[in-house]
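Chains as they are written, first to last, in numbering that gives the first Met the number 0: chain A, 0 to 414; chain B, 0 to 414. Virtual Cβ for every residue (Gly too), placed ideally from N, Cα, C.
Number of protein chains: 2
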Amino acid sequence: MYAEIITIGDEILIGQIIDTNSAFIANELNKIGISVYQITSVQDDKPHILDALKEARSRAQIVFITGGLGPTKDDITKHTLCEFFNDTLIRNEEVLAHIESLFKKYISTPISDINRDQALVPSKAQILHNNFGTAPGMWMEEGERVFVSMPGVPYEMKDLMTNQVLPKLVEKYKRPFIIHKTIMTYGLGESAIAERIAAVEDTLPGFIKLAYLPNLGKVRLRLTAKGQEKEVLEKGIKEVSSNLYDLIGDIISGEEEEGTIEAVVGKLLTDKKLTMATAESFTGGKISEQITSVPGASAYFVGSLVCYATSTKVDLLRVPEELIRKYSVVSAEVAAAMASNIREIMKADFGIATTGNAGPAKGDSESPIGTVYIAIASEKGVDVQKFLMGNHRTRIVQKGVHKALEMLQKEILKF
Amino acid sequence: MYAEIITIGDEILIGQIIDTNSAFIANELNKIGISVYQITSVQDDKPHILDALKEARSRAQIVFITGGLGPTKDDITKHTLCEFFNDTLIRNEEVLAHIESLFKKYISTPISDINRDQALVPSKAQILHNNFGTAPGMWMEEGERVFVSMPGVPYEMKDLMTNQVLPKLVEKYKRPFIIHKTIMTYGLGESAIAERIAAVEDTLPGFIKLAYLPNLGKVRLRLTAKGQEKEVLEKGIKEVSSNLYDLIGDIISGEEEEGTIEAVVGKLLTDKKLTMATAESFTGGKISEQITSVPGASAYFVGSLVCYATSTKVDLLRVPEELIRKYSVVSAEVAAAMASNIREIMKADFGIATTGNAGPAKGDSESPIGTVYIAIASEKGVDVQKFLMGNHRTRIVQKGVHKALEMLQKEILKF
Numbered sequence: 000m001y002a003e004i005i006t007i008g009d010e011i012l013i014g015q016i017i018d019t020n021s022a023f024i025a026n027e028l029n030k031i032g033i034s035v036y037q038i039t040s041v042q043d044d045k046p047h048i049l050d051a052l053k054e055a056r057s058r059a060q061i062v063f064i065t066g067g068l069g070p071t072k073d074d075i076t077k078h079t080l081c082e083f084f085n086d087t088l089i090r091n092e093e094v095l096a097h098i099e100s101l102f103k104k105y106i107s108t109p110i111s112d113i114n115r116d117q118a119l120v121p122s123k124a125q126i127l128h129n130n131f132g133t134a135p136g137m138w139m140e141e142g143e144r145v146f147v148s149m150p151g152v153p154y155e156m157k158d159l160m161t162n163q164v165l166p167k168l169v170e171k172y173k174r175p176f177i178i179h180k181t182i183m184t185y186g187l188g189e190s191a192i193a194e195r196i197a198a199v200e201d202t203l204p205g206f207i208k209l210a211y212l213p214n215l216g217k218v219r220l221r222l223t224a225k226g227q228e229k230e231v232l233e234k235g236i237k238e239v240s241s242n243l244y245d246l247i248g249d250i251i252s253g254e255e256e257e258g259t260i261e262a263v264v265g266k267l268l269t270d271k272k273l274t275m276a277t278a279e280s281f282t283g284g285k286i287s288e289q290i291t292s293v294p295g296a297s298a299y300f301v302g303s304l305v306c307y308a309t310s311t312k313v314d315l316l317r318v319p320e321e322l323i324r325k326y327s328v329v330s331a332e333v334a335a336a337m338a339s340n341i342r343e344i345m346k347a348d349f350g351i352a353t354t355g356n357a358g359p360a361k362g363d364s365e366s367p368i369g370t371v372y373i374a375i376a377s378e379k380g381v382d383v384q385k386f387l388m389g390n391h392r393t394r395i396v397q398k399g400v401h402k403a404l405e406m407l408q409k410e411i412l413k414f
Numbered sequence: 000m001y002a003e004i005i006t007i008g009d010e011i012l013i014g015q016i017i018d019t020n021s022a023f024i025a026n027e028l029n030k031i032g033i034s035v036y037q038i039t040s041v042q043d044d045k046p047h048i049l050d051a052l053k054e055a056r057s058r059a060q061i062v063f064i065t066g067g068l069g070p071t072k073d074d075i076t077k078h079t080l081c082e083f084f085n086d087t088l089i090r091n092e093e094v095l096a097h098i099e100s101l102f103k104k105y106i107s108t109p110i111s112d113i114n115r116d117q118a119l120v121p122s123k124a125q126i127l128h129n130n131f132g133t134a135p136g137m138w139m140e141e142g143e144r145v146f147v148s149m150p151g152v153p154y155e156m157k158d159l160m161t162n163q164v165l166p167k168l169v170e171k172y173k174r175p176f177i178i179h180k181t182i183m184t185y186g187l188g189e190s191a192i193a194e195r196i197a198a199v200e201d202t203l204p205g206f207i208k209l210a211y212l213p214n215l216g217k218v219r220l221r222l223t224a225k226g227q228e229k230e231v232l233e234k235g236i237k238e239v240s241s242n243l244y245d246l247i248g249d250i251i252s253g254e255e256e257e258g259t260i261e262a263v264v265g266k267l268l269t270d271k272k273l274t275m276a277t278a279e280s281f282t283g284g285k286i287s288e289q290i291t292s293v294p295g296a297s298a299y300f301v302g303s304l305v306c307y308a309t310s311t312k313v314d315l316l317r318v319p320e321e322l323i324r325k326y327s328v329v330s331a332e333v334a335a336a337m338a339s340n341i342r343e344i345m346k347a348d349f350g351i352a353t354t355g356n357a358g359p360a361k362g363d364s365e366s367p368i369g370t371v372y373i374a375i376a377s378e379k380g381v382d383v384q385k386f387l388m389g390n391h392r393t394r395i396v397q398k399g400v401h402k403a404l405e406m407l408q409k410e411i412l413k414f
């Protein structure tokens, strides 16, 4: 069974915004065994939307539409749905009451006819209540087929999807099982891995797909099994996976844990009741920002000193000037001192420090662009590592943050 | 003249990655007067890719394809292009030499046949040299139509697009002019604005489109004019814009500046030779991270103290415990002290401070979730503002960062 996603909005097609809704919807559908066949972004234009709807209907059983539900003239999704379903708009009293209550609570301007018109919905649509906004979601059935229309505002869409659309889909459709397993490797490129696992790839059962996901210098192998019998899928994934371990066990670093690295680290710290603090130079606060993006981070994250300037490293982080003169500001010695000092200053169990040159211009050091040091201090001592991370500023920072969190994870596991 | 973008990869359709390439490509095309009609994401599946190519060809003159150029079996773009163009793969010696040199320089494993096969390209394709990777870009003409295939790795694609594809497009096609103008408003919602500017919307010339872009509680109005005669477009935009000022001049806060707010602030600080430092609580380092994402930030960014824990505010930022007891940690008084102290401690011209509760759980304060204070300290004094930012953690942080940078921008302009 396939779904398709149609995102509506000129702002997507001129590149003014990145469509993040599709990935969220696809990921959620995947978890309940529904595959997305195609994602299509179209203009705020009735004939174009109609074409996309017709094509999606010819390929998929469930069609998602996001965007175009605002109160203004460039928002034409509801009128287009009426034309598509040969339907007319009627006023929904429940939606109207919700709009009026939102205005009373949050909006200082008086409610207008344009606002009230957001309560107009196709007569055949079931309403999906939008907790966070005035545009309702809509669920329209056509035999075994379903069309779901949601607002394009990400947090409104996410709430609707999670609390209303997914439960309705689970109830309506018998879905196949989908099982993923992701194996992480290190040290070899895509093609070298492909050569070593050719025997596995050539004999994959039809219900299992293998994909290579290269990212930040490492390749993850993702196995996806899909079918009606869960046991068959599990057995198949287990066999293929065991064959992979036979062929490339020496370069497998583990299997992907649930969630992002910052969530994994956060859970470990919470479970072990340990705390952390960071002293960031070239990562500019990004480790801290990533750590605090996890709800509940205040339980284990004490704080961070972003010491971009060398003077900050000396005055606030108390790194001896002598040390900087002798080894330069981008050095293992300075990284180690930064990690130890921030741990002490912030009274944390772990001190994480980064120093390096992300380019494009050279900073306070003579090191070539891309040279970075990362240090983790704990009561067991300091672990410092040097890396060469290429010459692409954004990627150097991304890689640095990821590497620091990986090193931290390893250290936490020693406690 | 229309372009379309086809992004290839199962990882997009299961929601494992967000497609950021399309927005970049669309934005770049827009700047040179080429509109994107549709963006389509399809699976790693030959018949599906062929269908998408055929449909795109029927609608657009330029078709971009990203992804599916890796060395492994799930990468099938080149074979599919051969089938589409009735072509065969031939070995390109220049590409082969490039692959071999990349391996020699950066990769420790020996080069294999699979790597060498990345030098196989459709015989009709012009090669676009990929500075950062082994998969070449390809340019295939079919009469007045062009198909461009690029790798899916964002930084490889961006380099190819910027340095090779755009210049070739500019040379090949006579393009219409596209002019945008974005007017920023405050204080009114979409629908209230729509009512007030109905007269302008009802009489828009055919070559101008008006879009409402609500974001972080404000609405931007984007005017887009498209046509062959630049003067006509400019005159049209000027007239419509002046009519808008007549109708809603009281709620217009300005016109959109070039670039992101962090780039605008960075330029202002550089020009005025001023520096800044931040003390971040609920924003968790995100202001600092955003500021340092701009190349050259070391010229004006001294550093940041992320003081998530109250103890850090006291011990390191030297906020008097007395003040916190009296007013609570989420208060105007504490925000002001944080901003003044960080300015002093870091010896910066501007000190920026944030304190608040982003939820979901209450932290060290009794303030309701969403209550935040932002302060900017300079030699002219301290500006503190209180905001209520809803109850959505990610949005509270985003809004807080944006608001802090806006307040900073305003302060810098006083110097």
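Around the beta carbon of V169/A, fewer than 16 other beta carbons sit within 10 angstroms, so the residue counts as exposed.
Here the alpha carbon of T39/A sits roughly 24 Å from the alpha carbon of E82/B. Within 9 Å of the CB of H391/B, the CB atoms of chain A belong to F131, Y154, in sequence order along the chain.
If only uninterrupted alpha helix (DSSP H) runs of at least 4 residues are considered, those enclosed by the region 143-201 of chain A are 153-159, 165-171, 189-195, 197-201. Note on K30/A: under 16 other CB atoms within 10 angstroms of its CB, so exposed under the neighbour-count rule. The region 247-261 of chain B makes contact with the region 172-189 of chain B: 3 or more CB pairs, one atom from each, lie closer than 8 Å.
Taken in chain order, the unbroken stretches of beta strand (DSSP E) that lie wholly in the region 210-286 of chain A and span 3 residues or more are 217-226, 251-254, 275-279. Your pair A335/B and V383/B checks out as a contact, with CB atoms roughly 5 Å apart and the cut at 8 Å. For V328/B, there is no enclosing alpha helix (DSSP H), as DSSP marks it with neither H nor E. Under the DSSP assignment, R56/A falls in the alpha helix (DSSP H) whose first and last residues are 45-58. In this chain, T39/A is not harboured by any alpha helix (DSSP H); it is covered by the beta strand (DSSP E) spanning 34-41. Its Cα nearest to that of A296/A, the residue A308/B stands out among M139/B, A308/B, F300/B.
When 7 Å is used as the limit between beta carbons, S330/B is near no residue of chain A, the shortest such separation being about 18 Å. Here DSSP, grouped into helix, strand and coil, assigns Y372/A to strand.
When the beta-carbon positions are compared, I113/A and F102/A stay at least 7 Å from each other. Rounded to the nearest whole angstrom, the CA to CA distance from G369/B to E332/B is 18 Å. Residue pairing from DSSP places E140/A in a beta bridge opposite V145/A. When CB distances to chain A are screened at a threshold of 7 Å, the residues of the region 275-287 of chain B falling below it are G283, G284, K285, S287, in chain order.
Nearest CB-CB separation between S190/A and chain B: below the 7 Å threshold.
A straight-line Cα-Cα distance of about 22 Å links K72/B and I126/B. Beyond the five residues adjoining it in sequence on each side, A262/A comes within less than 6 Å, by CB distance, of V293 in the same chain, given in chain order. Contact check for A51/A against V41/A passes: the beta carbons are separated by less than 7 Å. Nearest Cα to Y185/A within the set I247/A, T354/A, V396/A: I247/A. I251/B and Y244/B have their C-alpha atoms spaced approximately 7 Å apart. For K385/B, the enclosing beta strand (DSSP E) stretches over residues 380-387. Of all alpha-carbon atoms in L212/B, Y154/B, L159/B, the one lying nearest the alpha-carbon of H391/A is that of Y154/B. Cα atoms of Q15/A and N26/B: separation of roughly 7 Å, rounded to the nearest angstrom.
Residue state for Y307/A is assigned as coil, using DSSP reduced to three classes. In the three-state DSSP reduction, Q15/B falls in the coil class, being neither helix nor strand.
DSSP places T353/B in the uninterrupted beta strand (DSSP E) bounded by 349-355. Nearest CB-CB separation between D158/A and chain B: not below the 7 Å threshold.
For D18/B, the number of other beta carbons within 10 angstroms of its own is at least 16, and it is reported as buried. Against M345/A, the close residues of chain B are T311, in the order they occur along the chain (beta-carbon pairs closer than 7 Å).
Taking C-beta separations shorter than 8 Å and ignoring five residues to either side along the sequence, the partners of E143/B in its chain run Q60, following chain order. Put simply, the backbone Cα of Q227/B is about 11 Å away from that of E233/B.
Residue state for K104/B is assigned as helix, using DSSP reduced to three classes.
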